[in-house]
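Protein chains in written order, with my numbering: chain F, 3 to 204; chain R, 12 to 277; chain L, 1127 to 1628.
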């Protein structure tokens, strides 16, 4: 008998003939009716709590804000292919699908996001053209994400509902961190040590 | 109200003054106390040590002893928790469904002392007088199985002359755990040591609780250290008044004149 | 119904890290004498308890999430076979390959062969309880393949030639000074000025691993969740080492216990709230990676999923004990456990220590039957204080399972020992009031040992000595309460009379 059939057979005999039906009650919050400005404030607060920097700006000032944020980062900037031209800083290189390890040559990455969850300070990148492939937001030491107000939701359930589970997804909540030494959180390990979030609203 | 007192096997055999105090307190509050003579044990020690089959006749005896009682009160959070959460379960597992139903019904009428006083009788000031510095250990089963919350503290705050001091790390287990104290004596002692350090840091004369078993553990440790701080059950404090010993009480354990006696009662 | 009765095997001996070689009380005795360990654990567990309590308290619907988490896990177990088959279909449809492993040895063989097929002699690993459980690193090493742990705490354990002692933070038993020492002695070319500042230590790990991530061709991971309906896998982490492993190598091999799946994508909305707050005490962990099969041009182009039984189906056969399979490995129960806080994880002898380990490990390995080791002692390694149940994000009633396993152990004994005989005798006395009064009188005779003192002598024979070595026992009173009451209330009018026969 194959291992597959044997394991499935064990499960069936362990459960027995009578399979009890279990009701799952979803009485928890699945919506958040706080007004958008409040959600943007919560998102900002949560991101800053993780030691990310949040820069708020109007839709016509994204390019300037990104440029200002990156001015102190020495080195080249790589951008996801779907990032609008107006957001890109001068001299930025568009990701051309080169071998992933070569991305370490860049000092910073600029991407968009798919959705941002205010309550947990989480940005989700889904490998779409605006977000780029996964290695792009991983290898350069500084990550700049542009979040537009319409991408911000209140809680985790609303965030997941907007995602396609078949795409490669990366949920990012602050710069890389560890709590492995005396359970004290310190920021900056293998992922980007700096996370800059440009939050765009009118 | 007619109250059936379940002394519990430990109190009845080792620290009877706790049951005397419970009876004295309830009578002072104007209630009739009866002590069903067939009572022995709730079966908790058997269940928690793995002897759940053997516990079934003990449960049956308990149900028999308290049949017909209007309300049952016990000065022990952990025994009442066992009556609420374990008795029917072990009976049902043994196929004794009738017994399980009876145990469940009896559990519905069984109360831990502080819950009975505050929830059923609706009193927090029981008219007690106890001029001592006291700290309160919540005990795990009162806290997490029965959820007695701050009822014991409400009762203690209303006691005249009593100075209540907060116990650091109050919600940590004292390390008793029934047969754990013997099977894992070293770990138990490590936990006890930390509990005693917290008790002693309060400079209280008395550490009180709603469970005689945990108090025997903490008190046994404090006594071994010759610490001078000792353990007294909540019922004994609430039974104390300015008057002399209650006539029904053969010991002087519930008078205020006890501050120099050792942690272990006579 | 039990696994033994159904012929479902438990995790085999001789492979993996589920069994200790000493009973818990003996292993604990040594750990308790390690003052540094006690200090490190006390500090770390106190820190994390406070953080967890803070972020859980700010969630208004925590109770509802917890109930949903419990119910989803129960529903998953009730149809585990169907969900696994669906997961297999979905992963396969998206370019992944699914393997089934009956036990640790089979899983180790599958992974070793998959690595060998790539020609690689080195793999990078994301922290994974399943691969720790089956002893994969040892198996790979035996085949000449170096397995490099990349999680900081796992790295500390690996470099220190140590064993993990906590589910979330395997090096919780080490403090910053000890970690500095390990790094200074074992990392080639480490900065000689390395201090014990956690930030500096984290940087040292970053430098040590950076090159290895970039050259790795094969990664091995575990999975926190797998979604049956979509074939999506999830790894929850903090440092980015997980992302490195899941993104850069050509080949990814994920080893996952069969109980880790959830039926629907929507179910993740519950667990991604419950897990980080319970585990690291954060609103959300820094990184969560989710992937379904293979994505051209992004990440590993070869993906293998190994579904591991290794005793899980035996646990599933126990109607009470199966709840232990609901565990999402957050470690909240370890952090609040007063026993774990004092003994640390090594005393449990298994990669799953603490309260959940005390119910999971002995069920995976089997409790019964005369074997050496520590399995049967684990369910007794608890005071049943209930703190674990209160913090469990999926409401596993660990104290009740502990009590159940104690009974399973007792009932599996073929011949009653001294303890069993004593408990039987006591049960007989306690169920017959007349016998009970006699037993109480006999106990009262103990007062003669005290010779008028308020406590019994400290030097009593076993088992009483286990108590009296460190605690006084009160001298029994002359008269029990019920005796005194009966004497004083000799008129029987106010007594409740037993009227029902036995």
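The beta carbon of each residue, even a glycine, is placed where N, CA and C say it ideally should be. Bear in mind that the values here come from a model prediction, so they are computed numbers and not experimental data.
key: Neighbourhood of residue 99 of chain R by C-beta, 6 Å cutoff - its chain only, sequence neighbours within 5 removed   = Numbered from 1 along the second chain, position 88 holds the residue referred to as residue 99 of chain R. Once the five neighbours on either side are set aside, the close Cβ partners of residue 99 of chain R are 111, 114 and 115.
query = Considering only residues of the stretch 1212-1256 of chain L, which uninterrupted beta strand (DSSP E) runs meet the minimum length of 3 residues and lie entirely inside it, listed in chain order?
reply = 1222-1227 and 1248-1251
task = Have a look at residue 90 of chain F and residue 99 of chain F and give me their C-alpha separation to the nearest angstrom.
result = Looking up residue 90 of chain F in the first chain gives position 88. Looking up residue 99 of chain F in the first chain gives position 97. Using only the alpha carbons, I get a separation of about 18 Å.
message = Let me make sure I understand the geometry here. Which of F/49, F/156 and F/167 has the alpha-carbon closest to that of residue 197 of chain F?
response = As a position in the first chain, residue 197 of chain F is number 195, starting the count at 1. Residue F/49 is the option with its Cα nearest to residue 197 of chain F.
message = I need the straight-line Cα distance from residue 222 of chain R to residue 182 of chain R, nearest angstrom please.
response = Taking the second chain and counting its residues from 1, one reaches residue 222 of chain R at position 211. Taking the second chain and counting its residues from 1, one reaches residue 182 of chain R at position 171. Rounded to the nearest angstrom, the two C-alpha atoms are 14 Å apart.
ask   = Taking the runs of the beta strand (DSSP E) that are 3 residues or longer, which of them lie wholly in the stretch 1522-1575 of chain L?
value = none
query = Count the other CB atoms within 10 Å of the CB of residue 1303 of chain L; is the residue buried (16 or more) or exposed (fewer)?
reply = Here residue 1303 of chain L is taken as the residue at index 177 of the third chain, counted from 1. Under this definition residue 1303 of chain L is an exposed residue.
Neighbourhood of residue 118 of chain R by C-beta distance below 8 Å, restricted to the same chain and skipping five residues each side = Here the question's residue 118 of chain R lines up with position 107 in the second chain. Only 94, 95, 98 and 99 meet the Cβ criterion.
key: Cβ shell of residue 191 of chain F (< 8 Å), same chain only, five flanking positions each side left out   = Within the first chain, the letter at position 189 stands for residue 191 of chain F. Here the set comprises 178, 179 and 180.
key: Proximal chain L residues relative to residue 113 of chain F, where beta-carbon distance stays under 9 Å   = Reading the first chain from its first residue, position 111 is the one you call residue 113 of chain F. Neighbours of residue 113 of chain F on chain L: none; closest Cβ ~13 Å, over 9 Å.
ask   = Are the C-beta of residue 1417 of chain L and some C-beta of chain R separated by less than 8 Å?
value = Taking the third chain and counting its residues from 1, one reaches residue 1417 of chain L at position 291. No, residue 1417 of chain L lies away from the interface with chain R (no Cβ there is under 8 Å from its Cβ).
inquiry  = Under 8 Å, CB to CB, which of the residues in the stretch 156-169 of chain R have a partner in chain L?
reply    = Those would be 156, in chain order.
key: Contiguous alpha helix (DSSP H) assignments of at least 4 residues, all confined to the stretch 1404-1464 of chain L   = 1438-1442 and 1458-1462
Residues near residue 1286 of chain L by beta carbon distance below 6 Å, same chain, minus five either side = The count along the third chain starts at 1 and reaches residue 1286 of chain L at position 160. For residue 1286 of chain L, where only same-chain residues beyond five positions count, the Cβ hits under 6 Å are 1308.
key: 8 Å Cβ cutoff, residue 108 of chain R in contact with chain L   = Along the second chain, one-based indexing puts residue 108 of chain R at 97. No - not a single Cβ of chain L is within 8 Å of the one on residue 108 of chain R.
Nearest-angstrom Cβ-Cβ length linking residue 131 of chain F and residue 84 of chain F, presumed shorter than 8 Å = Within the first chain, the letter at position 129 stands for residue 131 of chain F. Within the first chain, the letter at position 82 stands for residue 84 of chain F. Right, their Cβ atoms sit about 3 Å apart.
message = Would residue 112 of chain R pass as an interface residue toward chain L - the criterion being a Cβ-Cβ separation below 8 Å?
response = Translated into positions along the second chain, residue 112 of chain R becomes position 101. No, residue 112 of chain R lies away from the interface with chain L (no Cβ there is under 8 Å from its Cβ).
message = DSSP three-state label for residue 1356 of chain L, please.
response = Here residue 1356 of chain L corresponds to residue number 230 of the third chain, with the count starting at 1. It is coil, neither helix nor strand.
ask   = Could one say the Cβ of residue 184 of chain R lies closer than 8 Å to chain L's Cβ atoms, at least one of them?
value = Numbered from 1 along the second chain, position 173 holds the residue referred to as residue 184 of chain R. Taking Cβ atoms only, chain L reaches closer than 8 Å to residue 184 of chain R, which makes this a yes.
key: 8 Å Cβ cutoff, residue 1188 of chain L in contact with chain R   = One-based indexing of the third chain puts residue 1188 of chain L at position 62. Not closer than 8 Å to any Cβ of chain R, the Cβ of residue 1188 of chain L fails to qualify, so no.
query = What residues in the stretch 183-206 of chain R bring their beta carbon closer than 9 Å to a beta carbon of chain L?
reply = 183, 184, 185, 186, 187, 188, 189, 190, 191, 192, 193, 194, 195, 196, 197, 198, 199, 200, 201, 202, 203, 204 and 205
task = State buried or exposed for residue 1258 of chain L, treating a residue as buried only when at least 16 other CB atoms are found within 10 Å of its CB.
result = Translated into positions along the third chain, residue 1258 of chain L becomes position 132. Around the beta-carbon of residue 1258 of chain L, 16 or more other beta-carbon atoms lie within 10 Å, marking it buried.
request  = Over the uninterrupted beta strand (DSSP E) stretch that includes residue 144 of chain F, give me the two end residues.
outcome  = Numbered from 1 along the first chain, position 142 holds the residue referred to as residue 144 of chain F. Looking at the DSSP string, the run of the beta strand (DSSP E) that includes residue 144 of chain F is 144-150.
message = Looking at residue 1244 of chain L: is its Cβ nearer than 8 Å to the Cβ of residue 1343 of chain L?
response = In the third chain, counting from the first residue as 1, residue 1244 of chain L sits at position 118. In the third chain, counting from the first residue as 1, residue 1343 of chain L sits at position 217. Yes. Within cutoff.
message = Using only the alpha-carbon positions, how far apart do residue 1161 of chain L and residue 1167 of chain L sit?
response = In the third chain, counting from the first residue as 1, residue 1161 of chain L sits at position 35. In the third chain, counting from the first residue as 1, residue 1167 of chain L sits at position 41. Straight-line Cα distance between these residues: approximately 10 Å.
Ordered list of alpha helix (DSSP H) runs contained in the stretch 137-208 of chain R, each at least 4 residues = 162-168 and 191-194
inquiry  = Counting only Cβ-Cβ distances shorter than 7 Å, please list the residues of the stretch 1167-1194 of chain L near chain F, keeping chain order.
reply    = 1169, 1170, 1173, 1174, 1187, 1190, 1191, 1193 and 1194
message = Against chain F, does residue 1528 of chain L count as a neighbour if the rule is that its beta carbon must be under 8 Å from one of theirs?
response = If you number the third chain from 1, residue 1528 of chain L lands on position 402. It does not: the Cβ of residue 1528 of chain L has no partner Cβ on chain F nearer than 8 Å.
query = Where does residue 244 of chain R sit, in a helix, a strand or coil, going by DSSP?
reply = Counting from one through the second chain, the residue named residue 244 of chain R turns up at place 233. Residue 244 of chain R falls in the strand class under three-state DSSP.
task = Can you check DSSP and say which residues form a bridge with residue 122 of chain R?
result = Your numbering for residue 122 of chain R matches position 111 in the second chain. DSSP lists R/84 as the beta-bridge partner residues of residue 122 of chain R.
query = Under 8 Å between the Cβ atoms of residue 156 of chain R and residue 40 of chain R?
reply = On the second chain, position 145 is the one that residue 156 of chain R refers to. On the second chain, position 29 is the one that residue 40 of chain R refers to. Remark: C-beta atoms of residue 156 of chain R and residue 40 of chain R do not approach each other more closely than 8 Å.
query = In chain L, which residues lie less than 7 Å from residue 15 of chain F when you measure between Cβ atoms?
reply = For the purposes of this step, residue 15 of chain F is identified with residue 13 of the first chain, where counting begins at 1. 1132 and 1134, listed in chain order.
query = How many angstroms separate the CA atom of residue 105 of chain R from the CA atom of residue 1350 of chain L?
reply = Counting from one through the second chain, the residue named residue 105 of chain R turns up at place 94. Counting from one through the third chain, the residue named residue 1350 of chain L turns up at place 224. Each residue's Cα considered, the two are about 38 Å apart.
message = With H, G and I counted as helix, E and B as strand and the rest as coil, what does DSSP make of residue 1582 of chain L?
response = Here residue 1582 of chain L refers to the residue found at position 456 of the third chain. The answer is coil: DSSP assigns residue 1582 of chain L none of H, G, I, E or B.
ask   = Roughly how far, in whole angstroms, is the beta-carbon of residue 1278 of chain L from the beta-carbon of residue 1365 of chain L, given that I think they are within contact range, below 8 Å?
value = By 1-based counting over the third chain, the position of residue 1278 of chain L is 152. By 1-based counting over the third chain, the position of residue 1365 of chain L is 239. Between residue 1365 of chain L and residue 1278 of chain L the Cβ distance is about 6 Å, and since that is below 8 Å, they are a contact.
message = Is there a C-beta anywhere in chain L that falls below 8 Å from the one on residue 27 of chain R?
response = Along the second chain, read from residue 1 onward, the residue named residue 27 of chain R stands at position 16. So yes, residue 27 of chain R belongs to the interface.
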